[in-house]
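Everything in the sequence shown is counted per my numbering, starting at 60 for the first residue and increasing by one.
Built from N, CA and C at the ideal position, the CB exists for glycine as well.
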Amino acid sequence: MTNQLITFDKQEQVFHLKNNEISYILKIEEDGVLNHLYFGKKINHYSGHKGYLRRDRGFSGNVPGNNERAYSKDTLPQEYSSNGSMDYRIPATIIRRENGSALHDFRYFDYRIENGKPELKGLPQAYILSEDEATSLIVVLKDRDQEIYLELAYTIYQDRPVIARGVKAINQTKQAIVLEKIASMQLDLTNSGEFDEVISLPGAHLRERQINRETIQPGVKSFESRRGASSHHMNSFIALVNHATNEFAGPAIGMHFVYSGNHAFQLEKDQIDQVRILVGINEYNFSWELAAGEAFQTPEVLLTYSDTGLNQMSSTFHHLLRERVARGEHQFKERPILVNNWEATYFDFTSEKIEKIVDEAADLGIEMFVLDDGWFGHRDSDNSSLGDWFEYEGKLKHGLKGIADYVHEKGMQFGVWFEPEMISIDSKLYQEHPDYLMQEPDRTPSSSRDQHLLDMGRKEIRENIEKQLCEILDEVPIDYVKWDMNRSLSDVYSTALTEKNQGEVAHRHILGVYELLEHLTTRYPKILWEGCSGGGGRFDAGFLYYMPQSWPTDNTDAVERLKIQYGTSLAYPISAMTAHVSAVPNHQTGRTTSLKTRGDVAMSGVFGYELDLTEMTEEEKQQVATQIQQYQKIRPLVQFGEFYRLNSPFEGNLTAWLFVNEDKSEALLMNARALASAQPVFHEVFLTGLDENAQYQAQGTNEMYYGDELMHLGLNVPDFFGDFQTQLIHLKKI
Ligand code: GLA
């Protein structure tokens, strides 16, 4: 069968997925072993020459049923490995049967090619708008003895260098089986050395998504989260690169796991320097019982290949996540400039205080006011009321509706904070339903920030929370919701499941959260939803499917933000990344930076303020008003333009990045120098992506430059004086 994007060469037994940029090639080898041949730049003509060299290697035994000594699964690059059959590398799946055996050996069984992309029920995913946007190959593997099937799905987009992958396990035996591990994809690379380094995004609360690059060494390495969320600590993204790859040159394979729970990116460099990569739900504390006749669908992985460095890889993901993962009315809309009261008041606010902030905000031109934590239950600190999503009577004189009306009368939008997945012991919800708390009964659960998890795998709990939220959202005119999640999972146990199903709790929990999000975002399509998890604890492609933007970190320090925003941009679009100007000394670091610096850095994201506007001097207010006008002019460019990293804060004192709009008529350059020196070196910065022959004017000045000058001659970074200096240059074609 031949199809535009996917072909099957019957003679060679080769599947070839190909668009104008990339190729992915797999082959059915002897005895039905599914062999990985290639993922990379488009190959126009694959003539079938690339059979793998065979060699008899000691202790690498043979494919069961075949005594050919040189043919071993232990060294053959495969599409999806089994547990057993003498492949000693990390297996993609471990499936235990009733007799206790976890041995299996998957071989090619069948295939289908389908137009479009199969929809994954209940999971976030990349989607298509019409069937001709993508084609999918489904290769069916079957265990050589048992009626257990694996459907490996590969979707290639027509106009993007992207392949989406996922796996469905189907139990056609007469007994239950248990999935102890089920990776969403495997990629076995040969030892060409093309990909000898890996980039990951580790971090911590207040220090998310730092760029980490390391050589792939022999043995197993795992980038993972066991916290029940994608986590601050290791983001659900990696890139494989060559040691020579930089922002503008060299190969890169980017991998996004579209999932917000426990994940693992496992890498193993084997005895002959080949590298296996597995991406999927973390096998830690995971097992899933599949009754006879049942199927399990893994979350999906998005793969891209770039032969022109990391900026190109990021650009593919920026477009894909913005255009085909994020959804809803606000997906392509310019996002409002907001002021959030969290760092201004924390829990300590009154109607008078809020109204004063709103008055100032309206005068300054701010477009939305967001009331953060503390408006519900009897919440005056973080030790109570989660789960009680009704108004804190008396805290706000005219209630939430009163504040909403007040804000709307000022011509601004109104937003509110929720943390729906949690329960405080000190809450009405806990008094009424102590069993809603996720824990093993009679075993003291661990608290964190004085709060606990709700067992979101349970329908009645989700319904309770949904009902409470709907009551507020139906009654109060709310334009925006900040959806928070302020602790990691612990005491992972569900009273709703039997003893042998406890390995399902964490995954069922996140599936429950997804279901609740789907209900609410569908029921309230006009609301702009923003994800948050103590800042960036769940900044992942899965959450982006429900919410087009997310708070990347609780760290609002402009200098630390440079690294966080730079690292985040590696994998995520700028339209997803919110950034606020806060007070100085900064509440997280104690550092003082100028209002200009704070503004310039925050204007490189979805812009807002998070400070007490009523405490600003007239001069500062004037500056804020100017920043708002400035941002309104550059907003489409920043939120929806091409983004390029130019100079890395991880490599030196100077950070530079650039936005260019689609027709190259406008660009915005941001330069930042962290520390001053009495004998400074001069820096130059080289722009990119401009129209070579066009003349650009730096707005607010008479400076003119041709595109080729800016790109090849470069611009001098000003001779800044003092620490933490920034510059924004807005260029417009004349
Ligand atoms: C988390 C968020 C903050 C704020 C607080 C409120 O830490 O990241 O922005 O909303 O919760 O408790």
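Proximity test, residue i beta-carbon vs the ligand GLA heavy atom, cut-off 8 Å
i: N761; result: no
i: W542; result: no
i: Y432; result: Note that residue 432 is Asp in the sequence shown here, rather than Tyr. Flag set: Cβ of D432 near the ligand GLA.
i: N545; result: yes
i: E478; result: yes
i: C529; result: no
i: D613; result: yes
i: D439; result: no
i: W448; result: no
i: G562; result: no
i: G593; result: yes
i: W347; result: no
i: W716; result: no
i: W401; result: yes
i: W610; result: yes
Counterpart residues of residue i in DSSP-defined beta bridges
i: V744; result: L774
i: N730; result: A715 and Q786
i: L488; result: Paired residues: none, contrary to the question.
i: T194; result: N174 and I215
i: M636; result: S609
i: T304; result: According to DSSP, which records beta bridges pairwise, T304 is partnered with nothing at all.
i: N230; result: I207
i: H322; result: I340
i: I687; result: The partner list for I687 (beta bridge, DSSP) is empty, contrary to what the question assumes.
i: H511; result: I482
Under the three-state DSSP convention, the category residue i falls into
i: S106; result: coil
i: M606; result: coil
i: G309; result: strand
i: N523; result: helix
i: I153; result: strand
i: M427; result: strand
i: M481; result: strand
i: P493; result: helix
i: S547; result: coil
i: M372; result: helix
i: W434; result: coil
i: T673; result: helix
i: S628; result: helix
i: W401; result: helix
i: S295; result: strand
i: E751; result: coil
i: Y83; result: strand
i: I270; result: coil
i: D9; result: For residue 9 there is no data in the structure shown, the boundaries of the chain being 60 and 793.
i: E538; result: Reading off the sequence, residue 538 comes out as Asp, not Glu. Coil, per DSSP.
i: Y147; result: coil
i: K69; result: coil
i: E359; result: coil
i: L112; result: coil
Buried or exposed by the 16-neighbour rule on C-beta atoms within 10 Å, applied to residue i
i: I331; result: exposed
i: H457; result: exposed
i: A263; result: exposed
i: S251; result: exposed
i: H104; result: exposed
i: T61; result: Confidence at T61 is low in this model, with a pLDDT of 41, below 50, so its placement is unreliable and no value can be given for it.
i: D218; result: exposed
i: R502; result: exposed
i: F780; result: exposed
i: R171; result: exposed
i: K180; result: exposed
i: E674; result: exposed
Quick test of the definition: if touching needs 3 or more C-beta pairs under 8 Å, does the stretch 350-365 touch the stretch 219-227? The count of Cβ pairs closer than 8 Å, one atom from the stretch 350-365 and one from the stretch 219-227, reaches three, so the stretches are in contact.
Three or more C-beta pairs below 8 Å linking the stretch 652-668 and the stretch 405-415: With a cut-off of 8 Å on Cβ pairs, the stretch 652-668 is not in contact with the stretch 405-415, counting fewer than three such pairs.
Cβ pair count under 8 Å reaching 3, the stretch 159-178 against the stretch 331-342: Taking 8 Å as the limit for Cβ pairs, the verdict is that the stretch 331-342 does not touch the stretch 159-178.
With a cut-off of 8 Å, do at least 3 Cβ pairs link the stretch 585-593 to the stretch 292-311? No, the stretch 585-593 does not touch the stretch 292-311.
Take every Cβ of the stretch 284-297, pair it with every Cβ of the stretch 255-275, and state whether three or more of those distances are shorter than 8 Å. In short, these stretches touch, since the Cβ pair count reaches three.
Given 8 Å as the limit, is there contact between the stretch 337-357 and the stretch 670-687, that is, 3 or more CB pairs closer than that? Touching, no.
Segment contact flag, the stretch 204-218 with the stretch 319-330, C-beta cutoff 8 Å, min 3 pairs: Contact fails between the stretch 204-218 and the stretch 319-330, because fewer than three Cβ pairs, one in each stretch, are under 8 Å apart.
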